[in-house]
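Presented below is the structure to which this report refers.
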Amino acid sequence: MGGEQMSQNYQQDLDNEITELYLNYQKHNDSKNVFAFSRTPTTFISSMVLCYLIAGILDAVWLGGINFIFMFAFWVCFVLLSVWLYTKYSGEYAEIGEYIDYFADVIWNNGFQPVYSKCLRSAMRSVLGHTKVE
Numbered sequence: 368m369g370g371e372q373m374s375q376n377y378q379q380d381l382d383n384e385i386t387e388l389y390l391n392y393q394k395h396n397d398s399k400n401v402f403a404f405s406r407t408p409t410t411f412i413s414s415m416v417l418c419y420l421i422a423g424i425l426d427a428v429w430l431g432g433i434n435f436i437f438m439f440a441f442w443v444c445f446v447l448l449s450v451w452l453y454t455k456y457s458g459e460y461a462e463i464g465e466y467i468d469y470f471a472d473v474i475w476n477n478g479f480q481p482v483y484s485k486c487l488r489s490a491m492r493s494v495l496g497h498t499k500v501e
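Residue numbering for the sequence shown is 368 to 501, as defined by our numbering.
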């Protein structure tokens, strides 16, 4: 019924359509992942708050030289967050936005995640240590 050539053409069209549908499904599914989208701003805002607090404490004890380092890190995070917001909402310079996402992931995975995991483990030990197991 149409021969081998017709079957190959149909198979190729079917494979292309399935691949396209899969890619669209994957993009749609990734867009629903809220934390993946909010990880970069969360990381940079947390870094900004932390740097600002440390700089304030250092300024209070007259360590202005070290204070400069933390205020510089604060402004770097602010600029990176601003550029990231521009790239996400304008759609321009998407590659720069990806680099900023990667940098935020490195900060999150090597800085905040270990501290968060340690605090969570400590809290769980505290809660489980004070409960009666029957």
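Backbone N, C-alpha and C define an ideal beta-carbon position, used for all residues, glycine too.
Since this is a predicted model, take the numbers as computed values, not measurements.
Taking the CA atoms as reference points, Trp429 sits about 19 angstroms from Phe441.
Annotated as distal: Phe445 and Ala422, with beta-carbon spacing of 8 angstroms or more.
In the three-state scheme derived from DSSP, where H, G and I count as helix and E and B as strand, Leu430 is classed as coil. 8 angstroms or more divides the Cβ of Trp451 from the Cβ of Thr410. In chain order, Phe479 place their CB closer than 8 angstroms to the CB of Ser413, counting only its own chain and leaving out the 5 sequence neighbours on each side. Taken through DSSP and simplified to helix, strand or coil, Asn376 comes out as helix. Note that the C-beta distance between Leu495 and Ile467 is not below 8 angstroms. In the same chain as Met415, and ignoring 5 residues on each side of it, the C-beta atoms closer than 7 angstroms to its own belong to Phe441, Cys444 and Phe445, in chain order. Take the alpha-carbon of Glu459 and the one of Glu465: they are about 11 angstroms apart. Counting the other Cβ atoms within 10 Å of the Cβ of Ala471 gives 16 or more, which makes it buried.
For Tyr389, the secondary structure class from DSSP, reduced to helix, strand or coil, is helix.
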